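Input: a single structure, listed below in structure tokens.
Residue numbers (the numbering used here): 513 to 868.
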């Protein structure tokens, strides 16, 4: 009897389960199934070992890597420099995990099977250009804005317990003026709760001023990078720097990886999901997946256009007269905007030529 396990095609795919300090890989022949597994450290030496090990089993069709944008980013970059195809394997299905258990080896094997079966097809972002710079700056900027808001909320909450005189002085002050005023308080010896409160609000005020300066500096850097990368986005009504940055971050430095308008809409969670079954065919529901920050940015653009953009205002009036609800109209407008920006992110910023 022929041993099926010895049957080999010579073409292999590799699945990788990524972690902070180690990666676990499984190599799979297109006919012979899983051949072997390997654990490597997450450094250049480990990546070289992995590539040489995989090449020893035959011609590599592709690597399926889980977490190409996080723990698998450096491995993805290494493989691309060696002209190896990489796809995002994604997380294994939860039902499979419940039924078959979970381990690093099983996750690596599932990643290889997903690539071979054609379930894993997403091309990861290259993360090697200006858009990656924008993403890194925006992560820190958003953190500074969140911490700044937290400091102001805490400051105002503590002022509720301050003296009548301090409350009168700070009443109706703008946030910058309030922060500057409290930051200039003179310290006192800690003898009463009021002394502790003065120290506390002064510290929070100085923290707010520091974070405010930090956020504004980062905003300027982000705006400069966005204008250099995609000025055509900022020319559109209702699309500001923050929205343009979110669009670029999702598209990545290689927007050609997004094959169609529909794919970009799905990536943003704007494409409807079919829910028909039996006698209810043709029904759809809202897509709750996708990139939620981009979805929110497109929503803000739609709201601005509904209030100030004359063609959009006329469209809303016409659709309202047809019996459409405001919610449905917003969905239609979000789909229109994502279709518009899909072509803009693929445009050449120098020539203005729109990509296909």
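C-beta: ideal position from N, C-alpha, C; glycine also. What you are looking at is a predicted structure, and each value in this text was computed from that prediction instead of being measured.
Contact between the stretch 616-626 and the stretch 721-735 is absent: fewer than 3 CB-CB pairs across the two stretches fall below 8 Å. Per DSSP, residue 751 is not a residue of any alpha helix (DSSP H), being assigned neither H nor E.
C-alpha of residue 786 to C-alpha of residue 751: approximately 30 Å in a straight line. Distance from the CA atom of residue 583 to the CA atom of residue 711, rounded to whole angstroms, is 42 Å. Restricting attention to 780, 578 and 721, the CA atom closest to the CA of residue 535 is found in 578. Around the beta carbon of residue 637, 16 or more other beta carbons sit within 10 angstroms, so the residue counts as buried.
Of all C-beta pairs linking the stretch 696-704 to the stretch 658-670, fewer than three are shorter than 8 Å, placing the two stretches out of contact.
Look at the beta carbons and you see the stretch 769-784 not touching the stretch 823-836: under three pairs across the two are nearer than 8 Å.
Excluding its 5 nearest sequence neighbours in each direction, residue 547 has C-beta neighbours in its own chain below 6 Å: 539, 541 and 569, listed in chain order. In this structure residue 803 does not touch residue 727 by the C-beta definition: roughly 22 Å separates them, more than the 8 Å allowed. Excluding five sequence positions before and after residue 805, the CB atoms of its chain that fall closer than 6 Å to its own CB belong to 758, given in chain order. Membership of residue 691 in the alpha helix (DSSP H) is indicated by the continuous run 687-695. Look at residue 633 here: in three-state DSSP terms it is coil, with no helix or strand label. Annotated three-state conformation of residue 796 is strand, per DSSP. Pairing residue 690 with residue 659, the inter-Cα distance amounts to about 17 Å.
As DSSP reads the structure, residue 551 sits in a beta bridge with 536. For the 7 Å CB-CB criterion, residue 788 and residue 795 form a contact. Residues of the same chain with their beta carbon placed closer than 6 Å to that of residue 560 are lacking, with the five preceding and five following residues left out of the count. In the assembly as shown, residue 683 is an exposed residue. Its beta-carbon has fewer than 16 other beta-carbons within 10 Å.
Rounded to the nearest angstrom, the gap between the Cα atoms of residue 640 and residue 721 is 33 Å.
Going by DSSP, residue 571 is part of the beta strand (DSSP E) stretching over 571-577.
Burial state of residue 532 is exposed, judged by a 10 Å Cβ sphere holding fewer than 16 other Cβ atoms. Note that the C-beta distance between residue 777 and residue 841 is not below 7 Å. Runs of the alpha helix (DSSP H) spanning 4 or more residues and lying entirely within the stretch 750-775 occur at 753-763, in chain order.
Exclusion of the five residues before and after residue 594 leaves 563 as the residues of its chain whose Cβ lies within less than 7 Å of its Cβ.
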